[in-house]
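*Asks:*
Residue numbers (UniProt numbering): 1 to 158.
(1) Going by alpha carbons, who is nearest to residue 27 out of 58, 63, 150?
(2) Measure the C-alpha to C-alpha separation of residue 45 and residue 86 and round it to an integer number of angstroms.
(3) Would you say residue 99 and residue 107 are within 8 Å of each other, going by their C-beta atoms?
(4) Answer yes if the region 119-134 comes into contact with the region 88-97, meaning at least three C-beta pairs across the two stretches below 8 Å, and no otherwise.
(5) Mind checking which residues open and close the alpha helix (DSSP H) that includes residue 137?
(6) Here's a check: name, in chain order, each residue in its chain whose Cβ is nearer than 6 Å to the Cβ of residue 48, leaving out the five neighbours to either side.
(7) Could you give the DSSP three-state label for residue 127: helix, strand or coil?
(8) If you check the beta carbons only, do residue 35 and residue 70 fall under 8 Å apart?
(9) Is DSSP giving residue 53 helix, strand or coil here?
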């Protein structure tokens with residue numbers, strides 16, 4: 001009886017990894033295609049998590065997108081065709097690194113624009129208007145102070 005129980009536990013132990021794979025997420029038969037699919041999954045954004053690839057996400061939508069990518073690649077689509085399909089369906093937002101195009105220029109150009117605006121602001125602030133010239137009364141007072149300092153034998157400061 002002990003041996004039977006030990007064998008059943010051994011069989012159960014080896015069967016556990018089968019429960020770790022979702023039935024829908026079966027890897028592609030061709031290892032090269034599976035590697036391509038996984039690389040593509042690293043480039044596709046999880047629309048639920050938003051800052052994570054679908055390869056790293058546990059969200060249901062990410063799982064659905066992984067299944068979709070594998071299905072399309074198994075049907076003969078290459079990675080570019082799958083990307084085009086996803087972008088047509090979800091927009092450029094689905095890619096973690098959206099392409100530089102007319103509609104995404106604001107996304108790519110805004111950091112540079114902000115940097116230029118900050119630099120221009122700093123330069124304008126440094127080039128502030130020079131102080132106004134001294135009036136005749138102020139010049140006379142300054143001259144009197146300097147003469148008094150020289151008469152006392154002190155060096156003027158500044």
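Cβ atoms here follow ideal geometry from the backbone N, Cα and C, with glycine treated the same way.
*Replies:* Let me lay it out:
(1) Comparing Cα positions, the closest option is 63.
(2) Taking the straight line joining both Cα atoms gives about 11 Å.
(3) Taking 8 Å as the Cβ cut-off, residue 99 and residue 107 do not qualify as a contacting pair.
(4) These segments do not touch.
(5) Per DSSP, the unbroken alpha helix (DSSP H) holding residue 137 starts and ends at 136-151.
(6) Once the five neighbours on either side are set aside, the close Cβ partners of residue 48 are 59, 61.
(7) DSSP places residue 127 in coil when its eight states are reduced to three.
(8) Result no, Cβ atoms of residue 35 and residue 70 do not sit closer than 8 Å.
(9) Of the three classes helix, strand and coil, the one that applies to residue 53 here is strand, per DSSP.
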